[in-house]
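Please read the structure below before turning to the comments.
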Amino acid sequence: MNFSEKTTKNNGAKTRLPELRLKARAVARGVAIGHVVCLHGRQRQFYRISLEDSQIEREIRRFRAAVRLARRQLKKIALPPADGQLKKSNIFDSHLLILEDRSFLDKIENQIGREKVNAEWAVKIVSEVYIGNYKAIADEHLREKYIDVEDVAERILGALGGGGKSGIKLEKNSIIVAREVKPSTLIELMESEPKAVITEHGGWTSHTFILAREQNLPAVTGMKGILRRVKTGDHVIVDGFNGQVVLHPSDKSLAKYRIAVENFQENTNRESEPVGEKLKTLDGCEITLRANLDLPQGYAKARRLGARGIGLYRSEFLFNQFRGFPSEQEQIKAYRKIAALSGDEGVRIRTFDLSAEQLGPVNEEKEKNPALGLRAIRLMMTHKKQFRTQLRALLQAAAQHRIDIVLPMVTDVAEIVAARKMLDAEKERLRQRGIEHGEPRLGAMIETPAAVLIAADIAREVEFFCLGTNDLVQYVLAVDRDNEFVADWYKTLHPAVLRSIKTVLVTAAKNQKPVLVCGEMAGSPVYVAILIGLGATELSMNVNSIARVRRTISNIAYEEAREITERITEFSTSDEIEYFVRESFLRKWSHLFSREILPAVKTKKGKLRIRD
Ligand code: PEP
Ligand code: MG
78 MNFSEKTTKN NGAKTRLPEL RLKARAVARG VAIGHVVCLH GRQRQFYRIS LEDSQIEREI
138 RRFRAAVRLA RRQLKKIALP PADGQLKKSN IFDSHLLILE DRSFLDKIEN QIGREKVNAE
198 WAVKIVSEVY IGNYKAIADE HLREKYIDVE DVAERILGAL GGGGKSGIKL EKNSIIVARE
258 VKPSTLIELM ESEPKAVITE HGGWTSHTFI LAREQNLPAV TGMKGILRRV KTGDHVIVDG
318 FNGQVVLHPS DKSLAKYRIA VENFQENTNR ESEPVGEKLK TLDGCEITLR ANLDLPQGYA
378 KARRLGARGI GLYRSEFLFN QFRGFPSEQE QIKAYRKIAA LSGDEGVRIR TFDLSAEQLG
438 PVNEEKEKNP ALGLRAIRLM MTHKKQFRTQ LRALLQAAAQ HRIDIVLPMV TDVAEIVAAR
498 KMLDAEKERL RQRGIEHGEP RLGAMIETPA AVLIAADIAR EVEFFCLGTN DLVQYVLAVD
558 RDNEFVADWY KTLHPAVLRS IKTVLVTAAK NQKPVLVCGE MAGSPVYVAI LIGLGATELS
618 MNVNSIARVR RTISNIAYEE AREITERITE FSTSDEIEYF VRESFLRKWS HLFSREILPA
678 VKTKKGKLRI RD
């Protein structure tokens, strides 16, 4: 199929579809031209793949193995509880019946063979027919059965992914379109170098988009219903600077955007040119830049751009790569690899920041509010064996390298005390076994309102702070950072957020503890000027933000930034602050922030907001 010639048949003649321009929320800078690949599935994400005749038998075997795995999982979950007190649920029995229904399974196998498609796609097509039939039944009780089919289909899809990566690559110039893309899916798809991402849901600080920015992959979101408008193969342009998607682009748009793509690539290359290490504001205030890194490949570029070590390594990305907790040896290897890259400047490795949902098999009880649930340090405290394994791995890797440990989502000093006790116990175990270990420093993520309020107490228990502005905004303002519907309430320049940041910086200074700001705020030139005005001197950011942030810092004076942030305290609403920041920046730093690069965008509520 020639994707650039998207046509419909019209009495034998071919008609080109009219161009459609759709507004989106830009979340990763860049421009791309390519063809749509629609991604489906909730837990396990997949797309339609056409198979060769020779691949079909193997695909059917893969499907049968997945069904066997799904049955084993269900039998395990359906076992009556050991204490015999709770009644065994019979939901799982009906799920097992579906998994043993020969006609359902045959239909899926026939779909694979007849349509020559991957098992995931066949499961989707067949289960959708069943779901549609159940939904059409008048009897309410019977109608509800469609939920069981949905659950079983999701379980088979999960099992299909259980054996590791699909190994099948996206075609060249693919643009991923999905309701949302999980970070683990994006990591897997990055291997085939997609050109851009379009989603219905997700926020600026969603991990998927943090990863997209790290990979220089243009991305837009907020495109409700996009999967109903596009088909795999549709020709599309993604403008991640201005938040626009051009579907079925005309020749004129293609010509215009081809130049934009070239410029984007040129700028990216230019931004990779090496620079000196020391970075100062115009009035001589030294600022240290570090890199946030989830995949080791990016560090060479970060180093060239003057990053001093790795400020944040999210170890949970290993969990995604290994599809579960990596073993002690796998972790030691990964930590040594990242620490060897960062050398004397060191790496801050954050312990697993996972949610319960990421651990459990599908269909187990879901948390209503995962962000407020069993997450990060809380989760690891309920998985002590795995936490001890991680601490042991970190200690051993720290024997040869400079590694610091950071605890995520701290809300109570007791969590730090307990973690340190476990760290000391693991050190002792290693010592007794004659295994070499290092002496990593322990730090805390300050990213909850509780941590801000008890920052002085936390300072007595740790060697350093990492200020996580992504979660801080989420928790201070009670606004889900991944939820597109409340994106307008995610206000980085809210007075409560700015006062929280100020409190943390002042408390840390009083207690002589360094603070590294490592949320996405630290990678945005506008916010960086404010962070510096508030007193931040250490910033850690995505590799692809370093060049722009450097340019900003070396062209502003700390005193000017301080004056602006001091005046911010006069305002009590984020709208007033945004207006004031915009006007002050345009007046003082017009060489850095023109109206084009400091645009105000209209929100759904009709107000103007500075774009992140
Ligand atoms: C943060 O919350 O700001 C942060 C750096 O961590 P993450 O984005 O992984 O939650
Ligand atoms: Mg966080």
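Once you know that position 370 of the sequence shown is 447 in our numbering, the rest is easy, because the numbers rise by one and skip nothing.
The beta-carbon is built from N, C-alpha and C at its ideal position, and this holds for glycine as well.
Being a predicted model, the structure only gives us computed values, none of them experimental.
Comparing C-alpha distances from residue 302 to each of 385, 196, 254 shows the shortest one belongs to 254.
In the assembly as shown, residue 480 is a buried residue. Its beta-carbon has 16 or more other beta-carbons within 10 Å.
An exposed status is given to residue 562, since fewer than 16 other beta-carbon atoms sit within 10 Å of its beta-carbon. Look at residue 546 here: in three-state DSSP terms it is helix. Per DSSP, reduced to three states, the secondary structure at residue 513 is coil, with no helix or strand assignment. CA-to-CA, the gap between residue 532 and residue 576 works out to about 13 Å. When the five nearest sequence neighbours on each side are left out, the beta carbons in the same chain lying within less than 6 Å of the beta carbon of residue 593 are those of 388, 543, 615, 617, in order along the chain. Look at residue 371: its beta carbon is at least 7 Å from all of the heavy atoms in the ligand PEP. Here DSSP, grouped into helix, strand and coil, assigns residue 394 to helix.
For the pair residue 247 and residue 286, the Cα-to-Cα distance works out to about 19 Å. Between the ligand PEP and the CB of residue 524, the shortest heavy atom gap is smaller than 7 Å. Between the beta-carbon of residue 136 and that of residue 195 there is about 6 Å, and that keeps the pair under the 8 Å contact cut. Comparing alpha-carbon positions, the option among 204, 466, 124, 475 lying closest to residue 516 turns out to be 475. Taking the Cα positions, residue 477 is about 32 Å away from residue 581. Membership of residue 298 in the beta strand (DSSP E) is indicated by the continuous run 296-298. According to the DSSP assignment, residue 218 belongs to the alpha helix (DSSP H) that extends over 217-220. Residue 368 is a Cβ neighbour of residue 620, given a cutoff of 8 Å. Contiguous beta strand (DSSP E) elements confined to the stretch 258-321 occur at 273-276, 296-298, 312-316, taking only those with 3 or more residues. Between the stretch 118-129 and the stretch 290-306, the count of Cβ pairs shorter than 8 Å is below three; the stretches do not touch. Residue pairing by DSSP leaves residue 599 without any beta bridge partner.
The stretch 220-231 makes no contact with the stretch 260-276: fewer than 3 CB pairs, one atom from each, lie closer than 8 Å. Annotation for residue 519: the continuous beta strand (DSSP E) segment containing it runs 519-523.
Residue 443 and residue 432 have their C-alpha atoms some 11 Å from each other.
Non-local C-beta neighbours of residue 570 in its own chain, meaning closer than 6 Å and more than five positions away in sequence, comprise 651, 654, 655, ordered along the chain. Annotated as proximal: residue 282 and residue 597, with beta-carbon spacing under 8 Å. Residue 103 has 297 as its beta-bridge partners, per DSSP. Excluding five sequence positions before and after residue 103, the CB atoms of its chain that fall closer than 7 Å to its own CB belong to 297, 317, 318, 319, 320, given in chain order. Taking non-hydrogen atoms of the ligand MG into account, the C-beta of residue 545 is found less than 7 Å away from one of them. Here the C-alpha atom of residue 553 lies approximately 11 Å from the C-alpha atom of residue 578. Between residue 639 and residue 383, the CB-CB gap reaches or exceeds 8 Å. DSSP places residue 251 inside the beta strand (DSSP E), whose first and last residues are 251-255.
When only Cα atoms are considered, residue 349 and residue 292 end up about 13 Å apart. About 7 Å separates the beta carbon of residue 370 from that of residue 379, a gap short enough to meet the 8 Å contact definition.
Look at the beta carbons and you see the stretch 398-405 not touching the stretch 356-366: under three pairs across the two are nearer than 8 Å. DSSP places residue 568 outside both helix and strand once states are collapsed to three, so it counts as coil.
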